[in-house]
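Residue numbers (my numbering): 149 to 411.
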Ligand code: SF4
Ligand code: SF4
C-alpha cells in the first residue's frame, strides 16, 4: 500500500445498516483516538468528522449489512476506490440480526407484515446480506460490536501492511479462562462452542448464555452443537432461530441442510 505525502495510509470508515456500534466503539477509544487520527489519514468517517472525501483509499473499514439498493451502490463504489476492504462487525461479516430471515420468502413475508403494500419512493429495500454478497472482502473483524483490543490490534497491523490476527478458538476457551461453570451442563442453551472468541466470554461471566453475537468460529462443529441442543430437548425451530439470530448467512448453509430435522 502506498502512503500519502505525509507518510500515512488513506483510510475510510463507512456505515451501512446496523446499530453503528462499531463506529461508536472506534470513537470510544478515547485515549487512542488522537493517535489513530495521527497514524493514518482518515479521509472519511461520517460519525467523527464533516470534511469527508470520497477519493481513492488504501483501506476501507465497512460496518453494517446491505439492506437497500442505495447501500449496494455505495458499497460497490467503496470497493472500486479501496485497495483493501475490511468488514467490521457481525452485520458486515454475516448480515447481523436483520439477516435472521434466511430465505427470501420468509423475509418477504415478514417485510410485508411490517410495511404492508406501501410503495417506497426513496428507498428500495433488499433482503439484508453481508458485504461479501456483493464485493470481495479482504479481511473480517467480527463482533457485536467489535472489541476494542481487537480493533486496535487490527488497525495497528493494517497500517503496517499486515493482515488482522483474530482468535481462532471458540468462546468456551475464554469461558474456561474465566473459570465459569458450563451452562450447557445446566441445560441452558449456550452457543459458546461454535462462536468466535474475543469478547472475554462476557455474557457467561454474568451467568447468561452466549447467543453467538461474534459469529461462527472457523471449523465450528455445528452438527455437534445442534445434536447436543436436540438431546437437551430444544426443537429445530428454536435452535435455528438461535443460531441464525446473529450469524445469519454464516449458518445458512448448515441450517438449510438440516430442514429434514424438523419435527
Ligand atoms: S458456558 Fe457456554 S461458553 Fe462456557 S464452556 Fe459452557 S458452552 Fe462454552
Ligand atoms: S453473545 Fe457470546 S460472543 Fe456475544 S458477547 Fe456474549 S458471550 Fe460474547
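Positions of the beta carbon are idealized from the N, C-alpha and C atoms, including for glycine.
State the DSSP-derived secondary structure class of residue 294, mapped to helix, strand or coil. Residue state, collapsed to three classes: coil.
Using C-beta distances below 6 Å, list every residue in its chain close to residue 399, excluding the 5 sequence neighbours before and after it, in chain order. Same-chain partners within the cutoff: 391, 392.
Who does residue 211 pair with in a DSSP beta bridge? 163, 236.
For residue 193, name the three-state secondary structure that DSSP assigns. Correct three-state label for residue 193: strand.
Could you work out which residue in 263, 166, 176 is closest to residue 272 when comparing CA atoms only? If we check each option's Cα against that of residue 272, 263 comes out closest.
Inter-residue spacing [alpha-carbon to alpha-carbon] between residue 226 and residue 257: Between the C-alpha atoms of residue 226 and residue 257 there is a straight-line separation of about 31 Å.
DSSP-derived helix/strand/coil call for residue 311: Three-state result, residue 311: coil.
I'd like to confirm something about residue 396: is its beta-carbon nearer than 7 Å to some heavy atom of ligand 2, or not? Checking the Cβ of residue 396 against ligand 2 gives no.
According to DSSP, is residue 230 helix, strand or coil? Under the three-state reduction of DSSP, residue 230 is assigned to strand.
Quick test of the definition: if touching needs 3 or more C-beta pairs under 8 Å, does the region 199 to 218 touch the region 233 to 242? Under the three-pair Cβ rule at 8 Å, the region 199 to 218 counts as touching the region 233 to 242.
Starting from the C-beta of residue 282, find all residues in its chain whose C-beta is less than 7 Å away, skip the five residues before and the five after it, and write them out in chain order. Listed in chain order, the non-local C-beta contacts of residue 282 below 7 Å within the same chain comprise 214, 220, 223, 224, local neighbours out to five positions each way being set aside.
Below 7 Å, is the gap between the Cβ of residue 360 and the nearest heavy atom of ligand 2? At a threshold of 7 Å, residue 360 counts as near ligand 2, since its beta carbon sits closer than that to one of the ligand's heavy atoms.
Among the residues of its own chain, which have a CB less than 8 Å from the CB of residue 284, if the five just before and after it don't count? Residues of the same chain with a CB within less than 8 Å of the CB of residue 284, apart from the 5 flanking positions on each side, are 227, 233 in chain order.
Considering only residues of the same chain and omitting the five flanking positions on each side of residue 335, which have a CB-CB separation below 7 Å? If the five residues before and after residue 335 are omitted, its C-beta is found closer than 7 Å to the C-beta atoms of 380, all from its own chain and listed in chain order.
Do the CB positions of residue 394 and residue 370 come within less than 8 Å of each other? It is not a contact, given that the beta carbons lie outside the stated cut-off.
Suppose the cutoff is 8 Å on Cβ atoms and the five residues either side in sequence are ignored; what does the same chain contact list for residue 218 look like? Spatial neighbours of residue 218 in its own chain (CB-CB distance under 8 Å, excluding positions within 5 residues in sequence) are listed in chain order as 271, 272.
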